[in-house]
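Enquirer: Taken in order, the sequence shown gives residues 390 to 712; the numbers are from this note's numbering. Don't be surprised by glycine CBs; every beta carbon is placed ideally from N, CA and C.
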Amino acid sequence: MALSLPRWFKRTSTGIAAFAVVTIPSKVFSQPTSEIVASTQQIQHIDVFQSIFLGMVQGITEFLPISSTAHLKVVPVVLGWGDPGVAYAAIIQLGSIGAVLWYFWSDLKQITAGILKAIATKNYSSYDFRLGLGIVLGTIPIVFFGLLIKFFIPDFDNSPMRSLQVIAFTSIGLSLLLGLAEQVGRRKRDLDSLKLQDSIWVGLAQALALIPGVSRSGSTLTAAMFTGLDRAPAARFSFLLGIPAITLAGLVELKGAIEIGLGNTGVTPLIVGTISAAVFSYAAIAWLLRFLQTHNTWVFVVYRLAFGIAILAALSTGLLQNT
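1. Report the CB separation of LEU585 from LEU505 in whole angstroms; it is logged as a contact under 8 Å.
2. Using the three-state DSSP reduction, which class does ARG519 fall into: helix, strand or coil?
3. How many angstroms separate the CA atom of VAL446 from the CA atom of ALA666?
4. Using only the alpha-carbon positions, how far apart do PHE540 and SER457 sit?
5. Using a Cβ-Cβ cut-off of 7 Å (strictly less than) and excluding sequence neighbours within five positions of SER560, which residues of its own chain qualify?
6. Express the C-alpha separation of LEU553 and THR706 in angstroms, rounding to a whole number.
7. Between which two residues does the alpha helix (DSSP H) carrying ILE441 extend?
8. Do LEU677 and LEU453 have their CB atoms nearer than 9 Å?
9. Are any of the Cβ atoms in chain C nearer than 9 Å to that of GLY707?
10. What is the C-beta distance between GLY487 and PHE669, in whole angstroms, given that I count them as a contact (C-beta under 8 Å)?
11. Among SER608, ALA507, ASN512, which one has its Cα closest to the Cα of GLU571?
12. Which first and last residues belong to the alpha helix (DSSP H) in which TYR792 is found?
13. What's the call for PRO530, buried or exposed, on a 16-neighbour Cβ count within 10 Å?
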(Lines of atoms letter the chains of each structure in order from A and count residues from 1; the text may use other names and numbers.)
(Lines give C-alpha, C1' and ligand atoms only; values in the text may rest on other atoms or scores of the structure.)
Protein backbone atom coordinates (compact mmCIF):
# COMPACT_ATOMS: atom_id res chain seq x y z
CA MET A 1 0.00 0.00 0.00
CA ALA A 2 1.30 3.44 -0.91
CA LEU A 3 2.22 5.65 2.01
CA SER A 4 -0.16 8.51 2.76
CA LEU A 5 1.36 11.95 2.34
CA PRO A 6 1.49 12.74 6.08
CA ARG A 7 3.27 9.45 6.82
CA TRP A 8 5.60 9.96 3.88
CA PHE A 9 6.36 13.44 5.15
CA LYS A 10 7.17 12.29 8.65
CA ARG A 11 9.50 9.56 7.41
CA THR A 12 11.39 11.43 4.73
CA SER A 13 11.17 15.21 4.82
CA THR A 14 13.23 15.74 7.96
CA GLY A 15 15.95 13.48 6.65
CA ILE A 16 16.01 15.15 3.23
CA ALA A 17 16.16 18.63 4.72
CA ALA A 18 18.88 17.65 7.16
CA PHE A 19 20.90 16.01 4.38
CA ALA A 20 20.61 19.10 2.21
CA VAL A 21 21.73 21.33 5.06
CA VAL A 22 24.79 19.36 6.12
CA THR A 23 26.02 18.71 2.60
CA ILE A 24 26.09 22.31 1.38
CA PRO A 25 29.70 23.07 0.45
CA SER A 26 31.50 25.40 2.79
CA LYS A 27 31.97 27.95 0.03
CA VAL A 28 28.33 28.92 0.37
CA PHE A 29 28.90 29.84 4.00
CA SER A 30 32.29 31.43 3.53
CA GLN A 31 31.31 34.08 1.01
CA PRO A 32 32.31 37.56 2.21
CA THR A 33 29.52 39.84 3.24
CA SER A 34 30.39 42.18 0.40
CA GLU A 35 29.66 39.37 -2.07
CA ILE A 36 26.50 38.24 -0.34
CA VAL A 37 24.95 41.68 0.03
CA ALA A 38 23.75 43.10 -3.28
CA SER A 39 22.51 46.60 -3.76
CA THR A 40 18.80 45.98 -4.20
CA GLN A 41 17.45 49.37 -3.33
CA GLN A 42 17.42 50.90 -6.81
CA ILE A 43 14.60 49.72 -9.06
CA GLN A 44 16.04 47.73 -11.95
CA HIS A 45 14.88 48.28 -15.53
CA ILE A 46 11.63 46.33 -15.94
CA ASP A 47 9.43 46.30 -19.02
CA VAL A 48 5.65 45.92 -19.17
CA PHE A 49 5.68 42.16 -19.78
CA GLN A 50 8.03 41.59 -16.87
CA SER A 51 5.83 43.80 -14.69
CA ILE A 52 2.73 41.74 -15.51
CA PHE A 53 4.61 38.54 -14.71
CA LEU A 54 6.16 39.85 -11.50
CA GLY A 55 2.77 41.24 -10.45
CA MET A 56 1.38 37.74 -10.91
CA VAL A 57 4.19 36.29 -8.78
CA GLN A 58 3.61 38.90 -6.07
CA GLY A 59 -0.17 38.44 -6.11
CA ILE A 60 -0.17 34.66 -5.94
CA THR A 61 2.59 34.26 -3.37
CA GLU A 62 1.56 37.11 -1.04
CA PHE A 63 -1.40 35.17 0.31
CA LEU A 64 -0.45 31.56 -0.33
CA PRO A 65 1.78 30.23 2.49
CA ILE A 66 4.92 30.17 0.36
CA SER A 67 6.46 33.69 0.77
CA SER A 68 6.15 36.51 -1.73
CA THR A 69 9.51 38.00 -0.71
CA ALA A 70 11.28 34.75 -1.56
CA HIS A 71 9.60 34.28 -4.92
CA LEU A 72 9.86 37.91 -5.99
CA LYS A 73 13.61 37.66 -5.43
CA VAL A 74 14.28 34.13 -6.68
CA VAL A 75 12.01 33.89 -9.75
CA PRO A 76 13.34 36.94 -11.67
CA VAL A 77 16.93 35.96 -10.81
CA VAL A 78 16.34 32.46 -12.21
CA LEU A 79 14.80 33.99 -15.36
CA GLY A 80 17.88 36.15 -15.79
CA TRP A 81 16.12 39.44 -15.09
CA GLY A 82 18.02 40.15 -11.90
CA ASP A 83 16.65 41.15 -8.50
CA PRO A 84 13.97 43.82 -9.20
CA GLY A 85 14.79 45.45 -5.88
CA VAL A 86 13.05 46.12 -2.61
CA ALA A 87 11.61 49.39 -3.88
CA TYR A 88 9.84 47.74 -6.81
CA ALA A 89 8.42 45.03 -4.55
CA ALA A 90 7.16 47.70 -2.16
CA ILE A 91 5.31 49.55 -4.90
CA ILE A 92 3.54 46.58 -6.50
CA GLN A 93 2.67 45.29 -3.04
CA LEU A 94 0.13 48.11 -2.97
CA GLY A 95 -1.88 45.98 -5.38
CA SER A 96 -2.00 43.15 -2.86
CA ILE A 97 -3.05 45.59 -0.14
CA GLY A 98 -5.88 46.87 -2.31
CA ALA A 99 -6.99 43.32 -3.12
CA VAL A 100 -7.22 42.16 0.51
CA LEU A 101 -9.10 45.34 1.49
CA TRP A 102 -11.45 44.81 -1.44
CA TYR A 103 -12.09 41.15 -0.63
CA PHE A 104 -12.70 41.68 3.09
CA TRP A 105 -14.36 45.11 2.89
CA SER A 106 -17.74 43.86 4.13
CA ASP A 107 -16.01 41.94 6.96
CA LEU A 108 -14.09 45.03 7.98
CA LYS A 109 -17.25 47.15 8.01
CA GLN A 110 -19.04 44.52 10.10
CA ILE A 111 -16.16 44.25 12.56
CA THR A 112 -15.89 48.04 12.89
CA ALA A 113 -19.64 48.43 13.44
CA GLY A 114 -19.56 45.53 15.90
CA ILE A 115 -16.75 47.10 17.90
CA LEU A 116 -18.56 50.43 18.14
CA LYS A 117 -21.77 48.68 19.17
CA ALA A 118 -19.94 46.58 21.77
CA ILE A 119 -18.37 49.69 23.27
CA ALA A 120 -21.71 51.48 23.35
CA THR A 121 -23.50 48.53 24.98
CA LYS A 122 -20.45 47.39 26.99
CA ASN A 123 -20.85 43.93 25.46
CA TYR A 124 -17.17 43.13 25.26
CA SER A 125 -17.79 39.42 24.76
CA SER A 126 -19.37 39.92 21.33
CA TYR A 127 -17.79 38.12 18.38
CA ASP A 128 -16.93 41.26 16.40
CA PHE A 129 -15.32 42.97 19.39
CA ARG A 130 -13.20 39.94 20.25
CA LEU A 131 -12.15 39.51 16.62
CA GLY A 132 -11.32 43.21 16.22
CA LEU A 133 -9.37 43.28 19.47
CA GLY A 134 -7.60 40.11 18.41
CA ILE A 135 -6.49 41.76 15.17
CA VAL A 136 -5.17 44.78 17.09
CA LEU A 137 -3.30 42.68 19.66
CA GLY A 138 -1.97 40.36 16.98
CA THR A 139 -0.57 43.30 15.01
CA ILE A 140 1.47 44.70 17.91
CA PRO A 141 4.36 42.16 17.76
CA ILE A 142 5.21 42.73 14.07
CA VAL A 143 5.03 46.51 14.53
CA PHE A 144 7.25 46.33 17.64
CA PHE A 145 9.89 44.07 16.11
CA GLY A 146 9.69 45.89 12.78
CA LEU A 147 10.50 49.18 14.50
CA LEU A 148 13.38 47.51 16.37
CA ILE A 149 14.82 46.31 13.07
CA LYS A 150 14.42 49.74 11.47
CA PHE A 151 16.17 51.32 14.47
CA PHE A 152 19.03 48.87 14.98
CA ILE A 153 19.48 47.56 11.41
CA PRO A 154 18.59 50.49 9.12
CA ASP A 155 20.01 48.68 6.07
CA PHE A 156 18.21 45.42 6.83
CA ASP A 157 16.93 45.04 3.25
CA ASN A 158 20.52 44.87 2.00
CA SER A 159 21.81 42.69 4.83
CA PRO A 160 22.77 38.99 4.54
CA MET A 161 19.36 38.22 6.12
CA ARG A 162 17.84 38.81 2.67
CA SER A 163 20.23 36.38 0.96
CA LEU A 164 19.06 33.33 -0.98
CA GLN A 165 20.66 31.10 1.62
CA VAL A 166 18.46 32.53 4.38
CA ILE A 167 15.39 32.27 2.15
CA ALA A 168 16.15 28.60 1.50
CA PHE A 169 16.57 27.73 5.17
CA THR A 170 13.47 29.62 6.27
CA SER A 171 11.45 27.96 3.51
CA ILE A 172 12.52 24.53 4.73
CA GLY A 173 12.00 25.44 8.39
CA LEU A 174 8.47 26.72 7.88
CA SER A 175 7.72 23.70 5.72
CA LEU A 176 8.51 21.43 8.65
CA LEU A 177 6.50 23.56 11.07
CA LEU A 178 3.48 23.68 8.78
CA GLY A 179 3.69 19.91 8.36
CA LEU A 180 3.81 19.51 12.13
CA ALA A 181 0.80 21.80 12.56
CA GLU A 182 -1.09 19.79 9.95
CA GLN A 183 -0.20 16.60 11.78
CA VAL A 184 -0.91 17.56 15.40
CA GLY A 185 -3.43 20.43 15.09
CA ARG A 186 -6.90 19.49 16.35
CA ARG A 187 -8.70 21.63 13.72
CA LYS A 188 -11.95 21.65 15.71
CA ARG A 189 -12.42 25.37 16.29
CA ASP A 190 -13.96 28.22 14.30
CA LEU A 191 -13.34 31.95 14.58
CA ASP A 192 -16.21 32.38 17.03
CA SER A 193 -14.09 30.52 19.59
CA LEU A 194 -11.03 32.75 19.06
CA LYS A 195 -9.36 33.77 22.31
CA LEU A 196 -7.12 36.76 22.90
CA GLN A 197 -4.18 34.51 23.73
CA ASP A 198 -4.68 32.85 20.34
CA SER A 199 -4.39 36.25 18.66
CA ILE A 200 -1.20 37.09 20.53
CA TRP A 201 0.32 33.72 19.65
CA VAL A 202 -0.53 34.12 15.96
CA GLY A 203 0.69 37.74 16.09
CA LEU A 204 4.07 36.61 17.43
CA ALA A 205 4.25 34.12 14.57
CA GLN A 206 3.44 36.93 12.13
CA ALA A 207 6.49 38.83 13.40
CA LEU A 208 8.66 35.98 12.09
CA ALA A 209 7.70 37.11 8.59
CA LEU A 210 10.16 40.00 9.02
CA ILE A 211 12.72 37.35 8.06
CA PRO A 212 12.62 36.97 4.26
CA GLY A 213 11.33 33.60 3.13
CA VAL A 214 9.22 32.88 6.21
CA SER A 215 5.92 33.99 4.63
CA ARG A 216 3.51 36.06 6.69
CA SER A 217 0.52 34.00 5.62
CA GLY A 218 2.49 30.79 6.17
CA SER A 219 3.62 31.62 9.70
CA THR A 220 0.19 32.86 10.81
CA LEU A 221 -1.66 29.94 9.22
CA THR A 222 0.73 27.53 10.95
CA ALA A 223 0.34 29.19 14.35
CA ALA A 224 -3.45 29.40 14.01
CA MET A 225 -3.62 25.68 13.22
CA PHE A 226 -1.49 24.96 16.30
CA THR A 227 -4.14 26.73 18.40
CA GLY A 228 -6.75 24.26 17.15
CA LEU A 229 -8.44 26.39 14.49
CA ASP A 230 -9.63 24.56 11.42
CA ARG A 231 -7.75 25.28 8.19
CA ALA A 232 -10.23 27.66 6.50
CA PRO A 233 -10.93 29.76 9.65
CA ALA A 234 -7.18 29.83 10.32
CA ALA A 235 -6.56 31.20 6.82
CA ARG A 236 -9.36 33.75 7.19
CA PHE A 237 -7.91 35.05 10.46
CA SER A 238 -4.47 35.08 8.85
CA PHE A 239 -5.77 37.36 6.08
CA LEU A 240 -7.67 39.66 8.45
CA LEU A 241 -4.68 39.88 10.80
CA GLY A 242 -2.43 40.67 7.87
CA ILE A 243 -4.40 43.72 6.71
CA PRO A 244 -2.86 46.21 9.19
CA ALA A 245 0.57 44.60 8.92
CA ILE A 246 0.94 44.58 5.14
CA THR A 247 -0.71 48.01 4.86
CA LEU A 248 1.71 49.59 7.34
CA ALA A 249 4.69 47.77 5.82
CA GLY A 250 3.62 48.74 2.32
CA LEU A 251 3.29 52.42 3.21
CA VAL A 252 6.68 52.46 4.97
CA GLU A 253 8.41 50.75 2.06
CA LEU A 254 6.60 53.00 -0.41
CA LYS A 255 7.99 56.06 1.37
CA GLY A 256 11.46 54.61 1.02
CA ALA A 257 10.86 53.75 -2.64
CA ILE A 258 9.77 57.30 -3.41
CA GLU A 259 12.89 58.66 -1.72
CA ILE A 260 15.10 56.32 -3.78
CA GLY A 261 13.40 57.11 -7.07
CA LEU A 262 12.18 55.01 -9.99
CA GLY A 263 15.62 54.37 -11.44
CA ASN A 264 15.46 53.13 -15.04
CA THR A 265 11.86 51.99 -14.78
CA GLY A 266 9.10 54.30 -15.89
CA VAL A 267 5.73 54.82 -14.29
CA THR A 268 3.80 52.58 -16.71
CA PRO A 269 5.48 49.27 -15.76
CA LEU A 270 4.94 50.07 -12.07
CA ILE A 271 1.24 50.76 -12.61
CA VAL A 272 0.86 47.60 -14.70
CA GLY A 273 2.67 45.52 -12.07
CA THR A 274 0.50 46.92 -9.29
CA ILE A 275 -2.72 46.14 -11.18
CA SER A 276 -1.46 42.65 -11.98
CA ALA A 277 -0.61 42.08 -8.31
CA ALA A 278 -4.10 43.24 -7.28
CA VAL A 279 -5.90 40.91 -9.69
CA PHE A 280 -3.85 37.84 -8.81
CA SER A 281 -3.92 38.63 -5.07
CA TYR A 282 -7.71 38.72 -5.09
CA ALA A 283 -7.84 35.43 -7.00
CA ALA A 284 -5.33 33.81 -4.60
CA ILE A 285 -7.33 34.83 -1.52
CA ALA A 286 -10.59 33.51 -2.94
CA TRP A 287 -9.00 30.28 -4.13
CA LEU A 288 -7.16 29.49 -0.90
CA LEU A 289 -10.22 30.01 1.31
CA ARG A 290 -12.22 27.63 -0.90
CA PHE A 291 -9.36 25.15 -1.19
CA LEU A 292 -8.82 24.83 2.57
CA GLN A 293 -12.49 24.05 3.16
CA THR A 294 -12.00 20.62 1.61
CA HIS A 295 -8.21 20.10 1.39
CA ASN A 296 -5.22 20.00 3.71
CA THR A 297 -2.00 22.01 3.49
CA TRP A 298 0.38 19.22 2.52
CA VAL A 299 0.80 20.55 -1.02
CA PHE A 300 2.31 23.74 0.44
CA VAL A 301 4.45 21.76 2.87
CA VAL A 302 5.99 19.73 0.06
CA TYR A 303 6.34 22.76 -2.23
CA ARG A 304 8.17 24.81 0.42
CA LEU A 305 10.48 21.92 1.20
CA ALA A 306 11.30 21.38 -2.48
CA PHE A 307 11.70 25.12 -3.06
CA GLY A 308 14.20 25.49 -0.24
CA ILE A 309 16.20 22.42 -1.20
CA ALA A 310 16.30 23.52 -4.85
CA ILE A 311 17.78 26.89 -3.84
CA LEU A 312 20.42 25.24 -1.66
CA ALA A 313 21.30 22.85 -4.46
CA ALA A 314 21.61 25.72 -6.96
CA LEU A 315 23.83 27.64 -4.53
CA SER A 316 26.06 24.64 -3.89
CA THR A 317 26.57 24.02 -7.63
CA GLY A 318 27.12 27.66 -8.49
CA LEU A 319 23.97 28.02 -10.57
CA LEU A 320 22.86 30.82 -8.26
CA GLN A 321 24.90 33.36 -6.34
CA ASN A 322 24.08 33.92 -2.68
CA THR A 323 22.96 37.53 -3.13
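Expert: Here's the rundown:
1. Their Cβ separation, rounded to whole angstroms, is 19 Å, which puts LEU585 and LEU505 out of contact at 8 Å.
2. Look at ARG519 here: in three-state DSSP terms it is helix.
3. For the pair VAL446 and ALA666, the Cα-to-Cα distance works out to about 8 Å.
4. 24 Å
5. SER456, ALA459, GLY602, ARG693, PHE696, GLY697
6. 14 Å
7. 437-452
8. yes
9. Among the chains of the structure shown, chain C does not appear; only one protein chain is present.
10. With a Cβ gap of about 12 Å, GLY487 and PHE669 do not count as contacting.
11. Answer by Cα proximity: SER608.
12. The requested residue 792 is not part of the displayed model; the chain covers only 390 to 712.
13. Around the beta carbon of PRO530, a 10 Å sphere encloses 16 or more other beta carbons of the protein chains shown; the residue is thus reported as buried.
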